[in-house]
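Protein chains in written order, with my numbering: chain A, 1 to 325; chain B, 1001 to 1344; chain C, 2001 to 2306.
A virtual CB, placed ideally from N, CA and C, is assigned to each residue, including glycine.
Predicted model, so just to flag it, every value in this text is computed and none were measured.
Structure first, commentary second.
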């Protein structure tokens, strides 16, 4: 990936490759390539949307970013320092500054903890503040996300999905993070509640200048929150650019398909005859992984997997070979 | 022409302090070969309505407190065990939301489609298998997937299998309960096209339940909007999309508008639906409604007709305004119909 | 599936090898047999002769190799007590244990499934408490106590059933029915819990909504899914029975390897003990192997895993 303009980069991923050995026993160990080449970066106060479908590698990417898994190859750098070189102190700081909110709110909480305890836990683990201060902080966090302080004494199962996500966001904010990883935070919510959470995330971002890594399969919500977008398919980033660039001039056929899916209002009479599944991770085809689904696929596409990025316009990249500058 | 008639259905969960009324005097009709949609959000009662139609409410701990469910004129609630088993899966088939957890993990997907066929058409093993394979081809599922197990297939593929199970018995009505909710955006589109194809070929009626307006809009000719256990608006899809009357419908359409995300602020509905323990007879949307007046908290709601074309809604203010306009123009009509006491 | 079976086979051999080595080393660690075998007043030359006879003068790894070589030919050494080949004793007695084990397991399985299914179907009626209490009772009572009572009642007082030794078909009844009944309640409880959980699952809901008949739902779908944990329990029980339950065999004077083990331990017949342990290991490993195969046959999700 060509060099970007040097501003303070908070998070950088460079040529991340992640593969797993699958298969059982002493034989038949195959390699499943989950991520083949991921590179992107997020500057301070910037928001990046990662858009892809199930199985594209979005969740694996979050695990690599959060330091839960080490990539097979490639580099993850936070504030310039590679995660592979981190010592205990580095990790302690990293964990305070990089937080996450996940898709399923009810699964994110210990059902036996009251909300108060859930919110105070990050503070007490890091030995921040006295018990009184933590109590006050928990209440102020609730107010920050639009919930009344009296909810602190309730249990997770007493809340609706939208409220739970607010609590999850409050918890993520407890330590004053610089980067928030949001893995499909509104996908499991009702459509009228989605707006509430997206508005909240938007306001918090503007107010606190937190960077977001926002993951979704719905490109429409990404538009609202994100400065730039990376489209991921089958473990590769197939298009990358600012939000305006992607929405106004989508290059890769997959990007176009995603955009269409977001706004189509009528079904055509032309029904596809066969379902196309994502290619096998253990046995990838030699050519472009999108070939089977692609309306403009040619022989050259199937022959070799295009992994070089073509700069379509400044800061806007795509791997599709059909774009000629 | 009416295939399914639900009249004044009341379904509730017994609670120590009373009754949690999840379906509150709901009435609608699904005609033959029509696609009827119910749209609403979590807790509005749409899934419980489907559960009641399938007479499955007992198994989830609910009771039916009143009303009628007529299928082809027959009273479903009076079906005996054998009749009910023939009805379920045979005349009315269901497509569930999350097929990964809705399929038996120990049997192949082909078997599970063939099982339905054998049960309801009396076909033998070989015949059923052949028919199942035909259905696979029809639905665009590769033939080699017949012997696959559920855990080996993707969500989109499994939803197609769910469709196969549903149509195997040539049902007259297919109830699809949030069939696209667990799918990715791109796959959703594919699946809806599939449902449309199913409808065209099998001539079955479809009762489509979803919280996704796009899905409903693309498939259904008539819809009902549910909120807090009641139908708050009902009518032709186009009519409601273009001229929604009830404030909840308006807010919902606004929130779900994909173009809404271009603006600086996403439109949303603040607050949440009420808990349905002994719910009030007055408007249940009042607390969240922008137009709410103090009368909305005092007067009982009913279903009012907006025009002659089968468009009904539950907003007192809108109905009064219409009545005012009509009286001004010299037309004094009775706008109030289908009024009934809600809740107990 | 084939790859899975092959893998399990390799794992089984590896386990067997490790266990045999361990047994070999442990028995020798508890004291050299020469102290028992060789008379106390033997001269040094006689000692050397004895050692050569017993093969104890060779280095340890070589002893092990001989042991394995002989074992593969069915020769596990000679019993210290009877001076006759260990394998002979085992070979005579093992079939008895097998027959007893199978008869107990038959009763256990049949009753276990029967109780399990019936208690599940009646779980919402007044019988529920009865079943659960009954299972708890059978679980708590020590087996030998019930056996003693059964022997007393049926064997001594009523004199209807034989109580000692293997004297024909009737002699199977007392041990298999009593122990079978007790064990079956463990199976029944596990099966019941499993079934109840599955009956609430999403896929059973769909099966019912497909209009499948009751017996189809229960027997085909629920039972198959619920049997998975039961297979584990049954195989463990079978392995235990086949390696000879000392208590049952002792109380019934049943000439099986359980009794043999008990006697050998009392007599400190190390060679016999060693041979028995090897055989028992072989049994347990084989039973586990077949259980693994059965698991994979029932549940396709396991076939792709180790």
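Item                                                                                                                                                                                                                    : Value
Near residue 1291 of chain B, what residues of its chain come up, given a Cβ to Cβ distance below 7 angstroms and the 5 sequence neighbours on each side ignored?                                                       : 1247, 1317
Between which two residues does the alpha helix (DSSP H) carrying residue 240 of chain A extend?                                                                                                                        : That residue, residue 240 of chain A, is in no alpha helix (DSSP H); its beta strand (DSSP E) goes 236 to 242.
Could you have a look at residue 2001 of chain C and say whether DSSP puts it in helix, strand or coil?                                                                                                                 : coil
Residue 36 of chain A lies in the beta strand (DSSP E); which residues open and close that run?                                                                                                                         : 30 to 43
Applying a beta-carbon distance threshold of less than 7 angstroms, which residues of chain E neighbour residue 199 of chain A?                                                                                         : Protein chains A, B and C are contained in the structure displayed, whereas chain E is not.
Counting only C-beta atoms, is residue 1058 of chain B closer than 8 angstroms to chain C at any point?                                                                                                                 : no
So, using beta-carbon positions, are residue 2207 of chain C and residue 2221 of chain C closer together than 8 angstroms?                                                                                              : yes
Mind reading off the beta-carbon distance from residue 252 of chain A to residue 231 of chain A? Whole number of angstroms is fine, and I expect it under 8 angstroms.                                                  : 7 angstroms
Does any residue of chain A bring its CB to less than 8 angstroms from the CB of residue 1324 of chain B?                                                                                                               : no
Excluding the five sequence neighbours on either side, which residues of its own chain have a C-beta within less than 8 angstroms of the C-beta of residue 2259 of chain C, listed in chain order?                      : 2093, 2244, 2246, 2249, 2250, 2253
Between the stretch 2176 to 2203 of chain C and chain B, which residues of the former have a C-beta closer than 8 angstroms to a C-beta of the latter?                                                                  : 2201, 2202, 2203
In three-state DSSP terms, what is residue 273 of chain A?                                                                                                                                                              : Only weak support is given to the placement of residue 273 of chain A: the predicted model assigns it a pLDDT of 48, under 50, and the value that follows is read from those uncertain coordinates. In this structure, residue 273 of chain A counts as coil in the three-state DSSP scheme.
Would you list, in chain order, the members of the stretch 2219 to 2241 of chain C that have their beta-carbon closer than 8 angstroms to a beta-carbon of chain B?                                                     : 2221, 2224, 2225
Within the stretch 1213 to 1255 of chain B, note down every full beta strand (DSSP E) run reaching 3 residues or more, in order along the chain.                                                                        : 1222 to 1227, 1230 to 1236
Between residue 2075 of chain C and residue 2223 of chain C, what straight-line distance do the alpha-carbon atoms span, to the nearest angstrom?                                                                       : 45 angstroms
In chain C, what lies closer than 9 angstroms to residue 1165 of chain B by C-beta?                                                                                                                                     : 2206, 2210
Just the C-alpha distance for residue 74 of chain A and residue 39 of chain A, rounded to the nearest angstrom, thanks.                                                                                                 : 9 angstroms
Please work out which residues of its chain come closer than 8 angstroms, Cβ to Cβ, to residue 257 of chain A, disregarding the five sequence neighbours upstream and downstream, and give them in chain order.         : 293
Check for me: the alpha helix (DSSP H) holding residue 2138 of chain C runs from which residue to which?                                                                                                                : 2127 to 2140
For residue 1177 of chain B, list the residues DSSP reports as bridge partners.                                                                                                                                         : B:1209
Between which two residues does the beta strand (DSSP E) harbouring residue 1031 of chain B extend?                                                                                                                     : 1018 to 1031
So the candidates are A:96, A:71, A:313, A:93; which of them puts its Cα closest to the Cα of residue 84 of chain A?                                                                                                    : A:71
Using a Cβ distance threshold of 8 angstroms, determine whether the stretch 1183 to 1195 of chain B contacts the stretch 1153 to 1173 of chain B, with at least three qualifying pairs required.                        : yes
Beta carbon of residue 222 of chain A, beta carbon of residue 65 of chain A: below 8 angstroms?                                                                                                                         : no
Quick check for students: name the residue ranges of the alpha helix (DSSP H) that lie wholly in the stretch 43 to 110 of chain A, counting only runs of 4 or more.                                                     : 58 to 65, 88 to 97
Taking 8 angstroms as the cut-off, does the stretch 2207 to 2216 of chain C touch the stretch 2152 to 2159 of chain C (at least 3 CB pairs, one atom from each stretch)?                                                : no
Excluding five sequence neighbours on each side, which residues of the same chain lie with their C-beta closer than 6 angstroms to the C-beta of residue 1213 of chain B?                                               : 1256
State the CB to CB distance for the pair residue 1958 of chain C and residue 2178 of chain C, rounded to an integer number of angstroms; the pair is presumed to be in contact (CB under 8 angstroms).                  : Chain C is shown from 2001 up to 2306; residue 1958 of chain C falls before or after that span and cannot be answered.
Quick check on residue 2286 of chain C: does DSSP put it in helix, strand or coil?                                                                                                                                      : helix
Can you list, in chain order, the residues of its chain whose CB lies under 8 angstroms from that of residue 2170 of chain C, leaving out five sequence neighbours each side?                                           : 2161, 2162
How is residue 2091 of chain C classed by DSSP in three states: helix, strand or coil?                                                                                                                                  : helix
Please state whether DSSP places residue 1282 of chain B in a helix, a strand or coil.                                                                                                                                  : strand
Starting from the C-beta of residue 2014 of chain C, find all residues in its chain whose C-beta is less than 7 angstroms away, skip the five residues before and the five after it, and write them out in chain order. : none
Applying the 10 Å Cβ sphere with the 16-neighbour rule, what's the burial state of residue 192 of chain A?                                                                                                              : buried
In the DSSP assignment, find the unbroken alpha helix (DSSP H) run with residue 1157 of chain B in it and report its ends.                                                                                              : 1155 to 1167
Within its chain, find whatever has a CB closer than 6 angstroms to the CB of residue 289 of chain A; leave out the 5 residues flanking it on each side and keep chain order.                                           : 234, 279
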